Every structure is written in structure tokens, then in C-alpha cells.
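Residue numbers (our numbering): 612 to 1068. Yeah, the Cβ is synthetic: ideal placement off N, Cα and C, and Gly gets one too. Small disclaimer: the values here were computed from a predicted structure and weren't measured. What follows is a single structure, written as C-alpha cells, with notes after it.
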């Protein structure tokens, strides 16, 4: 059957193809995030089992093992958890920066009217949990952790929506992705301004020089990805020694990445025209040479590279690694909590309930109420097919904090009983938010019938 044969009357085939090309990367992204959420769930279960088993000593000693470099008297050795949390997670934040860049240039954040709903939802979803946590911990040393329940784990949240399947409209997933991107930006700003040590200006100078070097390399047309590794490492080192969390390097580099392709679609068609004729000629030969085929493919590859933005190329290259290797490693290293190992009395009780209620109550209420306000004031329109129950459900899955919550917790409380209590709170809250999201999803949302059935009717 020919593609697009059964389109409704009046539908433009060319428009259909264009729309499909635009949304295909978003669909791949959502599918990968959803499946990686299930991987994270499995790894978290492994970490909890390992930390509470007879092999628990091996679990904790593994992450304390020192790795690094030393030359003479100079030494830079850190434990394995540092290299995961401060090193590998830089790539996670790099992908966040790339997504943010793409959203600002050609996504939901590129137009004010389209950006208002996820923006308002994200702001409400950050402020309400922080206020709830602070209310429980006011005038206590633990008040420093107010930023912990602000984050949403996009992979886990999309994984829950994937389980619900067709009961959740596509617009709900897109809304969740938009507010999660803004949510990540809010978390990054909180880390930069509230969870960094005293600023050392020598490190800032090195980071600024790396920043200028990246801009210079872009302006002279350097497209090799590996070429940017040196200024990237320079910036990471500079930000680290400046006293700012080095993972912010990823966000800065991601946001600097060009988000528009070098060639327009018309230019690509013009450039590929002679190669298409050459391909037809080769297909008519009984035994075309390998050299001719390779030369043709290499030429087309160069055109393809310029026809796809640098942002899209890097997301395609890195997203799988981040989703299936780096984030699961982070979960394995940080989710291992000794269940019942810490008494929940006194200040610990305030910390625990501040985190749990911040995520389970503050997140959905903050997202729902600010979304409602934006719609009622006319700043935004209700997304098609969602409704108010759907927005509340997006808020509920937003209460699955996990990755960002644990990440900020490590910065607010590097070690000690408070950190262990917070981990218990984050895991408990994420579990409750996931279960409630699934229950409400099955109760509230009738299953959407596939398009084929509606056509046959």
C-alpha cells in the first residue's frame, strides 16, 4: 500500500510528510524516556536489595573506592560516586541543555503562548513543594534542603504514562516534557545559586576562556564533535575549581549548541539531485564497485550532517547512553538506602514528611493550580484531549522526583543521617506518586479507541 494513500480529502500529502518529520524526533525521545524509566525502576530495586542484603558492605565500599590522577605532589583522586555524580551526570545535564536549546528554537518554548502553560505549571510545581518542605523545617538546619522536592524525574514519569498507554493523550506527555525541561532549568539555577560553595575567581576565568573558545570554534565552522572535548574539559575544571557544581558545564555547552541545520530542505534537494541520478545509474549496473558505492554514501553523509542540526545530532548520539547507562548508574550509586536504618524522630521526622508531602501533595497541587490560573486568565489554552483531570494527573506523575531530588540532596547534605532520611523520603514519595498516578489513570481516563475502529464504524 502506498504511503499516505488513505488521507482524508483535502489533506496535503506534503504537509503530512512535514508534520511527520517534525514530530518523529519527539516521538523517539518520549519512547526512549519511557523505557528508560522502567530500567531505572529495576536498577533502583537492585540498589535497595543490595544495600539491605548480606552483601551490603560491598555495595557501600564500591562507591567509596578512589579513582583519579596524580603527578608528583599533585593529586586529584575522588571516590567512584563523585565520578558518577559530578562527572558522568555532566552528560545528563548536557542533554538537558540540548533539549532546552531545541525547545527554545523550534519547540513548545519557542512561542510565548505555547510556552505559558508548561512554564506556569513548572513554576507552581517548584514553588509549592519548596514551601511545604520549608514549613516543616523552618528554623532547623535541615531547612537547607528546601530545593530537594522541586525536581521531576522525566524518565520515571513518562514510564508511568507509558504503562497507562492510550488512556493518556499525547498532549499530556508533551505537557509533562515541557514542564520537566523548565523544571530541570529551575533545579539547575537552584544548584548554581544556593548549593555551590564560595566563588573562586581563578576557576571562573578558566571557564570563561573555555566559553569564548567554544564560540570561536563555532564561528570558524568547526563541526567535529570531538574538537569540543578540550574546551568542555576546560570549562568543567574551571567551574569545579570556581566552587560551582561542575555538572552545570553540561547545561552551558548544551545551550551553546547550534539548533538550526546548515542546509534548508530546498538546499538538500538541490545538492542531492546529482547523487540521486548517480544512484539510479549504479542500481542499473549488475555489479557496482564498492569504491563507487562508498564514495556516494560518504558524499550523502556530509549533506545529511548539514541537513540535521547539531543539537539533533548530539541528542541522537547521547540520549541512549544517558538514558540506559548514566542514569541507571546514578540510581545504582545513590538509591541504596538501608531500610529502617535511621530513626524518624525529631528533626528527621520533619525532613521525611517535608520531602514526602512536598512531592506527593505540593507537586500536583502546584502544577494544577498554576495551570488553572493560566487558563482562566487567558494566558494559555487547555490542551486538546487533556481536561482538568489530565492536568492533575500530569502533576501527580510530576511528584516522582527521584533523580533530580536525590541529586540536590547530595549537594544539600553530602553525608550523614539526614541524607539517608531524605533518600527514604524521596523513594517513598516517588512510589506513592507512581501508584496514585496509575490508579487515577485507570479510573479517570477511558481507554482511547484506535483510529482504525473509528474509521470502520
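Boundaries around residue 714 are those of the alpha helix (DSSP H), 700 to 717, since no beta strand (DSSP E) includes it.
Put simply, the region 1015 to 1031 does not touch the region 980 to 989. Fewer than three CB pairs are less than 8 Å apart. In the structure shown, residue 686 falls within a strand segment according to DSSP collapsed to helix, strand and coil. Counting along the chain, residue 1031 sits inside the alpha helix (DSSP H) bounded by residues 1028 to 1055.
In the DSSP assignment, residue 677 is bridged to 690. Counted as a single uninterrupted DSSP element, the alpha helix (DSSP H) harbouring residue 923 occupies residues 921 to 932. Between residue 847 and residue 868, the C-beta spacing is not below 9 Å.
Of all alpha-carbon atoms in 709, 677, 663 and 675, the one lying nearest the alpha-carbon of residue 926 is that of 709. Ranked by Cα distance from residue 994, the options 782, 662 and 668 are led by 782. Residue 814: member of the alpha helix (DSSP H) spanning 812 to 830, first to last residue. In the three-state reduction of the DSSP assignment, residue 949 falls in the coil class, being assigned neither a helical nor a strand state. Around residue 681, the same chain offers 687 and 688 as residues with beta carbons nearer than 8 Å, after the five sequence neighbours per side are excluded. Beyond the five residues adjoining it in sequence on each side, residue 947 comes within less than 7 Å, by CB distance, of 658, 659, 661, 662 and 670 in the same chain, given in chain order.
In its chain, beyond the 5 residues on either side, 791, 794 and 1009 have a beta carbon closer than 6 Å to the beta carbon of residue 763. When secondary structure is reduced to three states using DSSP, residue 727 falls in the helix class.
Remark: C-beta atoms of residue 842 and residue 851 do not approach each other more closely than 9 Å. A Cβ-Cβ separation of about 39 Å leaves residue 1006 out of contact with residue 814 under the 8 Å criterion. In the displayed model, residue 857 falls within coil according to three-state DSSP, outside both helix and strand. Annotated as proximal: residue 677 and residue 690, with beta-carbon spacing under 9 Å.
DSSP places residue 1024 in the coil class of the three-state scheme, outside both helix and strand. Remark: C-beta atoms of residue 973 and residue 729 do not approach each other more closely than 9 Å. The criterion of a C-beta distance shorter than 9 Å is not satisfied by residue 921 and residue 784. Sequence-distant partners of residue 1040 (beyond 5 residues in either direction) whose C-beta falls short of 7 Å from its own C-beta, in its chain, are 966, 967, 970, 971, 1010 and 1012.
In this chain, residue 836 is not harboured by any alpha helix (DSSP H), its DSSP state being neither H nor E. Where residue 1011 is concerned, there is no enclosing alpha helix (DSSP H), because DSSP gives it neither an H nor an E. Between residue 716 and residue 870 the beta-carbon gap is near 4 Å, inside 8 Å, which marks them as a contact.
Of the candidates 1051, 977 and 962, the residue whose Cα lies closest to the Cα of residue 1032 is 962. In summary, residue 816 is exposed, with fewer than 16 beta-carbon neighbours lying within 10 Å of its beta-carbon over all protein chains present. Just so you know, the alpha carbons of residue 675 and residue 692 end up roughly 7 Å apart. Residue 992 counts as exposed, since fewer than 16 other beta carbons sit within 10 angstroms of its beta carbon. With a cutoff of 9 Å on beta-carbon distance, residue 651 and residue 932 are scored as not near each other.
Of 1004, 811, 941 and 1046, the smallest CA-CA separation from residue 853 is found for 811. DSSP places residue 996 outside both helix and strand once states are collapsed to three, so it counts as coil.
The Cβ-Cβ distance between residue 942 and residue 1028 does not fall below 9 Å. In the three-state scheme derived from DSSP, where H, G and I count as helix and E and B as strand, residue 955 is classed as coil.
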